[in-house]
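K.L.:
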Amino acid sequence: MNSPILIACAHGTSNAQGAAEVNALRDAIAALRPGLDVREAYVDVQQPDLVDVVAGLPADPAAAAPQTGGEPGAAGASAVVVPLLLSVGYHVKVDIAKAVKSRPGTVAAAPLGPDPRLAALLDQRLREAGVTDNDAIVLAAAGSSNANAALSVEELAGQLRDLRSNRIVPAYGASAKPSVPEAVAMLREEAAGGAGAGESAGGVSVGGRVVVASYLLAPGFFHDQLAKAGADLVTEPLLPSPVLAEIALERYDAALAAQPVKS
414 MNSPILIACA HGTSNAQGAA EVNALRDAIA ALRPGLDVRE AYVDVQQPDL VDVVAGLPAD
474 PAAAAPQTGG EPGAAGASAV VVPLLLSVGY HVKVDIAKAV KSRPGTVAAA PLGPDPRLAA
534 LLDQRLREAG VTDNDAIVLA AAGSSNANAA LSVEELAGQL RDLRSNRIVP AYGASAKPSV
594 PEAVAMLREE AAGGAGAGES AGGVSVGGRV VVASYLLAPG FFHDQLAKAG ADLVTEPLLP
654 SPVLAEIALE RYDAALAAQP VKS
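For what it's worth, the numbering used here labels the leading residue of the sequence shown as 414, then goes sequentially.
(1) If you measure between the beta carbons of residue 650 and residue 631, is that distance less than 8 Å?
(2) Look at the Cβ atom of residue 569, then the Cβ atom of residue 493, and state whether they are nearer than 8 Å.
(3) Since residue 451 sits in a beta bridge, which residues does DSSP pair it with?
(4) Quick check: what's the CA-CA separation for residue 643 versus residue 565?
(5) Assess, as a yes-or-no matter, whether the segment 515-525 is touched by the segment 449-468 under the definition of 3 or more beta carbon pairs within less than 8 Å.
(6) Provide the residue(s) that pair with residue 646 in DSSP beta bridges, ordered along the chain.
(7) Rounded to whole angstroms, what is the Cα-Cα separation between residue 559 and residue 441?
(8) Between 641, 424 and 596, which has its C-alpha nearest residue 500's C-alpha?
(9) From residue 523 to residue 434, what distance separates their C-alpha atoms?
(10) Short check: CB of residue 490 to CB of residue 454, under 8 Å?
(11) Measure the C-alpha to C-alpha separation of residue 639 and residue 672 and round it to an integer number of angstroms.
(12) Report the rounded CA-to-CA distance for residue 641 versus residue 580, giving the unit in angstroms.
(13) Using DSSP bridges, identify the partner residues of residue 498.
(14) Might you give, ordered along the chain, the residues of its own chain that have their beta carbon closer than 7 Å to the beta carbon of residue 621, omitting 5 neighbours on each side?
(15) Grab me the residues of residue 567's own chain with a C-beta within less than 7 Å of its C-beta, minus the 5 sequence neighbours each way, in chain order.
(16) By alpha-carbon positions, which one of 602, 606 and 552 ends up nearest to residue 586?
(17) Relative to the alpha-carbon of residue 594, which residue among 606, 645 and 561 has its alpha-carbon at the smallest distance?
(18) Looking only at its own chain, which residues have a Cβ that is under 6 Å from the Cβ of residue 684, when we skip the five neighbours before and after it?
(19) Helix, strand or coil, according to DSSP, for residue 465 in the structure here?
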């Protein structure tokens, strides 16, 4: 049985380590599903561009790489674009949607987040960094002008609150408010008992640190900016972790399951 191609579409970065982490994620996806044709694509910075990858897909769906593992593949799609992105935003709603629309038989999967497993991974990164219950946490996402992106981050923040008792405030690197530096400053004021304190301060304890939890896939421009936000500590990005490849394949399978089955 032929399986639709999986186009693993990342944002793109000029950071060598970040690019290597995303390449490793793509390799991990392929390793989990032997025989699946997993292709590289980006919406910014790096090549190949998603539009070009979609344009270069086989004209005949039967030309897609054979799937030897007996996984789903009979649905009416020849390729699935899986966003290696953490929330719905401009790149998903505009760039990926436009590329998919340009080629019949190509569909888009949901982004990787929000997902409780990502919240658990963030919790792991916080524990690895030695974050205590007395510390306040800024959940730092890349940010988007699309309101749905902020909703996705808020949902992830709720999932993280289920795992931790800390005060957790979502913030953004660009295009949404509060910015990460603004959130750091607000939490410092709360901890000091200033004008921002009170009922909204939640479980903040005087003397606790302000920690930035990097809700980013890999090192790159946005992660570099987090070190300049004035926090006491910045956690490592989500990669490397096997859970990202698992989620990506689940998004691929779910996109196929939503398509009408060919008769």
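We put the CB at the ideal spot given by N, CA and C, even for glycine.
P.N.:
Judging by the given coordinates:
(1) yes
(2) no
(3) 419
(4) 25 Å
(5) yes
(6) 624
(7) 30 Å
(8) 424
(9) 21 Å
(10) no
(11) 40 Å
(12) 21 Å
(13) DSSP, once it has assigned bridges, lists no residue as partnering residue 498.
(14) 547, 548, 549 and 604
(15) 583
(16) 552
(17) 645
(18) Because the chain in this structure spans residues 414 to 676, residue 684 falls outside the shown range and cannot be described.
(19) helix
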